[in-house]
Amino acid sequence: MNHYQQLIANEILSVQGQKGYCLSVLGAGGLASFSVRLVVRL
19 MNHYQQLIAN EILSVQGQKG YCLSVLGAGG LASFSVRLVV RL
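As structure tokens, then:
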């Protein structure tokens, strides 16, 4: 793999990592607000 391909691969990996991080943060926030709603209802 040449240097240019390595740069592209690194870029793709970093973008995927950022998306995964955003999704996990959103998922955690969604779960937290959902459980808060459940507790308020009880």
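Residue numbers (our numbering): 19 to 60.
Glycine included, each C-beta is placed from N, C-alpha and C at the ideal position.
Quick one: Cα of residue i to Cα of residue j, how far?
i: S53; j: L60; result: 11 Å
i: N28; j: V57; result: 43 Å
i: G35; j: L41; result: 10 Å
i: G48; j: Q24; result: 36 Å
i: I26; j: R55; result: 43 Å
i: H21; j: L31; result: 15 Å
i: A46; j: Y39; result: 11 Å
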